[in-house]
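Let me begin by presenting the structure, written as structure tokens, before commenting on it.
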Amino acid sequence: MKDIPMQTAVLRVLRATAASWWRHKELRRTGQTGQAQRLERETVLRDLGYLKQAASLPNAHVICGEGGTFIHLGWTTVSTFAPIERFPLATLAVARGTPFIDIRPVTDVIAFANLPRVARDGSIDPEPCGPGRSVSLTTYIDMVEALGARIANDPRPCRST
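Residue numbers (the numbering used here): 8 to 168.
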């Protein structure tokens with residue numbers, strides 16, 4: 008959101024997404040336009056906050072698999088059962104440079120399920136083994152890429168897509 012066209016495009020997408028939500032549509036249909044506008048404004052501001060976090064947190068990333076799309080923001084996760092192509096907030100985060108891990112090509116679900124999680128706060132477990140283990144985002148990307156995942160906005164040194 009550094010230049011005006013990007014800001015405008017982001018706001019247009021977020022406003023359209025908020026206005027299309029069934030609850031907001033229903034409020035407008037029943038004549039409660041003011042309440043719908045207030046809720047839409049709150050939704051846009053919340054989503055802008057998520058985009059800011061995605062841009063600033065060291066281990067923030069978007070991951071998409073058969074179970075849906077998730078934006079991992081440390082202690083917060085925003086998700087939907089839809090693929091990234093139908094989740095505008097995740098699409099915007101990736102367009103702005105948030106690392107994207109597409110696990111849809113991964114076929115070894117057992118190996119994937121046994122991977123450690125990405126550390127929420129940027130810290131790394133001294134011994135990344137056992138239940139509840141966590142690793143850095145770059146280490147996680149190395150592991151999941153070995154299973155066949157596609158990576159965009161790769162944060163590892165000397166790699167970009």
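Backbone N, C-alpha and C fix where the C-beta goes; we use that ideal spot for every residue, glycine too. Remember, predicted model here, so these are calculated numbers, not experimental data.
Note to self: Here's the rule: buried if 16 or more other CB atoms are within 10 angstroms of the residue's CB, otherwise exposed. What is ASN5?
What the structure shows: Because the chain here runs from 8 to 168, residue 5 falls outside it and cannot be looked at.
Check: How big is the Cα-Cα spacing for PHE119 and LEU55?
Finding: If you draw a straight line from the Cα of PHE119 to the Cα of LEU55, it comes to about 31 Å.
Check: Between VAL51 and the rest of its own chain, which residues show a CB-CB distance below 8 Å, the 5 nearest in sequence each way excluded?
Finding: Answer for VAL51: LEU18, LEU21, ARG22 and ALA25, listed in chain order.
Note to self: Is it the case that the segment 61–71 contacts the segment 104–113, given that we only count it when at least three CB pairs across the two stretches are under 8 Å?
What the structure shows: Because the criterion of three Cβ pairs below 8 Å is met, the segment 104–113 and the segment 61–71 touch.
Notebook entry, point to check: Start and end of the alpha helix (DSSP H) containing ASP149?
Noted result: That run of the alpha helix (DSSP H) goes 144–153.
Next item on the list: State buried or exposed for ALA97, treating a residue as buried only when at least 16 other CB atoms are found within 10 Å of its CB.
Entry: By the 10 Å Cβ count, ALA97 comes out buried.
Next item on the list: Starting from THR50, follow the beta strand (DSSP E) in both directions and report where the run begins and ends.
Entry: In this chain, THR50 is not harboured by any beta strand (DSSP E); it is covered by the alpha helix (DSSP H) spanning 40–63.
Item checked: Rounded separation between ARG53 and GLN14 - CA only -> If you take the alpha carbons of ARG53 and GLN14, they lie about 15 Å apart.
Check: Would DSSP call THR83 helix, strand or coil?
Finding: In the three-state reduction of the DSSP assignment, THR83 falls in the strand class, which pools E and B.
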